[in-house]
Amino acid sequence: MKTIAIVATGGTIAGTGQTGKAVSYHAGEIDVKDIIRSIPMLQEIAHIREYQLMNIDSNEMSPQRWLVLSNYINQILQDDEIDGVVVTHGTDTLDETAYFLNLTLHTSKPVVMTGAMRPATATSADGPYNLYQAVCLAAHDDAVGQGVMCLFSSTIYSGRDIQKVNNFKIDAFEQKSFGCLGYMQDHEVYFFSKTFKIHTINSLFSKQTLYDLPAVGIAYFYAGASCEILYALAQNHQGIILTGSGSGNYSQEWLQTIEDLTKQGIVFVRCSRVAQGIVFDDDIFDPHHCCIPGNTLTPQKARVLLMLALEYTHDHQKLREIFNEY
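Below, the structure is given as structure tokens:
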């Protein structure tokens with residue numbers, strides 16, 4: 005029987021509210037030991053070691069807490085007796101944390117993130133079953149080398165591509181047009197695809213201990229958006245993620261501002277506010293190729309990658325290569 009570490013950070017899975025209700029609750033109030041105690045069948049799957057690292061609403065997650073979490077998991081995984089890790093996390097910012105861990109964990113051991121859409125006190129709370137299947141997945145031989153994965157509603161997602169698409173249903177995640185990595189039926193694991201982007205042990209960012217990250221902001225374009233948004237962000241950020249319309253588009257006024265700020269050393273990445281698609285170089289909206297295409301990354305995930313990349317280099321061509329590879 006394998007040994008799986010459960011690292012708890014809080015979220016709805018540890019939330020409490022009025023008995024039976026699924027809304028108006030406080031996240032991050034129940035200790036992980038109590039959650040594990042409510043799932044006795046876990047003992048049939050693996051030896052469990054629990055670690056209550058944080059107990060917060062995921063909206064309180066931050067780059068500094070990402071670093072704490074990543075360094076903590078890397079330390080745990082140095083123990084040869086630990087075969088895998090499950091991270092419990094709130095769903096609101098889980099996609100960002102998943103991608104950060106996917107880039108910074110130096111391991112081929114399975115790491116699975118999960119959480120819940122209903123608090124522990126709700127009728128038919130989804131957290132216990134998600135946690136049970138996450139442990140089953142982390143203990144499965146086929147999960148080795150898959151990078152950071154996420155498990156929700158019997159579906160396996162990659163940490164790079166998972167995206168929250170519903171704020172109401174328990175089946176709240178998807179991977180856009182890429183599909184999922186696989187499915188689970190109770191404890192059984194079925195993989196059907198894998199990610200080909202660099203991750204975990206092969207990642208450039210997993211080979212060093214990080215203590216701080218450069219500031220990167222996100223600017224959302226809308227009809228009539230003022231370029232003052234960009235100037236304001238440029239005052240205390242090294243990079244800016246552009247959440248453009250369509251294929252990462254924006255006005256001519258924004259284009260001129262982007263070109264001016266690029267000369268001042270600000271790094272820009274173009275993403276789209278549209279849920280599906282990809283952002284490439286564009287000779288109309290970025291004729292001098294000042295911006296790095298965000299490809300298929302959401303703006304919040306592009307921010308994660310740019311923070312890590314700027315810690316490594318400010319060379320524009322190398323940054324472009326990183327966004328193509330990761």
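In the numbering used here, the protein residues as written are 5 to 330.
Quick reminder that beta carbons are idealized off the backbone N, C-alpha and C, glycines included.
Remember, it's a predicted structure, so these values are computed and weren't measured experimentally.
Here's the rule: buried if 16 or more other CB atoms are within 10 angstroms of the residue's CB, otherwise exposed. What is methionine 121?
Within the sequence shown, numbered from 1, the residue matching residue 121 stands at position 117. Classified as buried, methionine 121 has 16 or more neighbouring CB atoms from the shown chains inside 10 Å of its CB.
* Nearest CA to the CA of aspartate 290: which residue from Ser251, Met188 and Glu178? -> Against the sequence shown, residue 290 aligns to sequence position 286. Ranking the options by Cα distance to aspartate 290, first place goes to Ser251.
Spatial distance of glycine 119 from asparagine 134 (CA atoms)
Within the sequence shown, numbered from 1, the residue matching residue 119 stands at position 115. Within the sequence shown, numbered from 1, the residue matching residue 134 stands at position 130. In this structure, the straight-line span from the alpha carbon of glycine 119 to that of asparagine 134 is close to 7 Å.
*Could you check if tyrosine 161 is buried or exposed, using at least 16 other CB atoms within 10 Å of its CB as the buried criterion?*
Stepping through the sequence shown from its first residue, residue 161 is reached at position 157. So tyrosine 161 ends up on the buried side.
### Query
How is the beta strand (DSSP E) around asparagine 59 delimited, first residue to last?
Start at 1 with the first residue of the sequence shown, and residue 59 comes out as number 55. It spans 51-60 - the beta strand (DSSP E) in which asparagine 59 sits, taken as one unbroken run.
Uninterrupted beta strand (DSSP E) stretches inside the stretch 278-327 (no shorter than 3 residues): When DSSP assignments are scanned along the stretch 278-327, the uninterrupted stretches of beta strand (DSSP E) that are 3 or more residues long and fall wholly within it turn out to be 295-297.
| message | Rounded to the nearest angstrom, what separates alanine 143 and methionine 58 at their Cα positions? | response | What you label residue 143 is simply residue 139 of the sequence shown in a count that begins at 1. What you label residue 58 is simply residue 54 of the sequence shown in a count that begins at 1. If you draw a straight line from the Cα of alanine 143 to the Cα of methionine 58, it is about 23 Å long.
- Would you call the CB atoms of serine 157 and tyrosine 187 closer than 7 Å? The residue labelled residue 157 in the question sits at position 153 within the sequence shown. The residue labelled residue 187 in the question sits at position 183 within the sequence shown. No, Cβ-Cβ distance for serine 157 and tyrosine 187 is not below 7 Å.
(message) On the CB-based measure, 16 or more other CB atoms within 10 Å of its CB, does asparagine 171 come out buried or exposed?
(response) Counting from 1 along the sequence shown, the entry for residue 171 is found at position 167. Per the 10 Å Cβ criterion, exposed.
Exercise. Cα separation between leucine 185 and aspartate 146?
Worked result: Translated into positions along the sequence shown, residue 185 becomes position 181. Translated into positions along the sequence shown, residue 146 becomes position 142. Taking the straight line joining both Cα atoms gives about 12 Å.
When you compare only the Cα positions, how much space is there between glutamate 232 and isoleucine 288? For the purposes of this step, residue 232 is taken as the residue at position 228 of the sequence shown. For the purposes of this step, residue 288 is taken as the residue at position 284 of the sequence shown. Cα to Cα, the separation comes out at about 22 Å.
Beta bridge counterpart(s) of histidine 30 as assigned by DSSP
Here the question's residue 30 lines up with position 26 in the sequence shown. Histidine 30 pairs with Thr20.
So, using beta-carbon positions, are phenylalanine 327 and isoleucine 282 closer together than 7 Å?
-> Looking up residue 327 in the sequence shown gives position 323. Looking up residue 282 in the sequence shown gives position 278. The criterion of a C-beta distance shorter than 7 Å is not satisfied by phenylalanine 327 and isoleucine 282.
Going along the chain, which residues of its own chain have a beta-carbon closer than 6 Å to the beta-carbon of alanine 138, five neighbours each way excluded? The count along the sequence shown starts at 1 and reaches residue 138 at position 134. Taken in chain order, the residues that qualify are Val90, Val116, Thr118 and Leu155.
### Query
What are the boundary residues of the beta strand (DSSP E) that glycine 151 is part of?
Here the question's residue 151 lines up with position 147 in the sequence shown. Under the DSSP assignment, glycine 151 falls outside any beta strand (DSSP E); it carries neither an H nor an E label.
key: Cβ-Cβ distance between isoleucine 114 and threonine 16 below 7 Å   = Numbered from its first residue, the sequence shown carries residue 114 at position 110. Numbered from its first residue, the sequence shown carries residue 16 at position 12. For the sequence presented, residue 114 should be read as proline rather than isoleucine. No, they are not a contact pair.
**Q.** Cβ separation of glycine 298 and arginine 274, assumed to be a contact under 8 Å, to the nearest whole Å
**A.** What you label residue 298 is simply residue 294 of the sequence shown in a count that begins at 1. What you label residue 274 is simply residue 270 of the sequence shown in a count that begins at 1. Here glycine 298 really is in contact with arginine 274; their C-beta atoms are around 6 Å apart, less than 8 Å.
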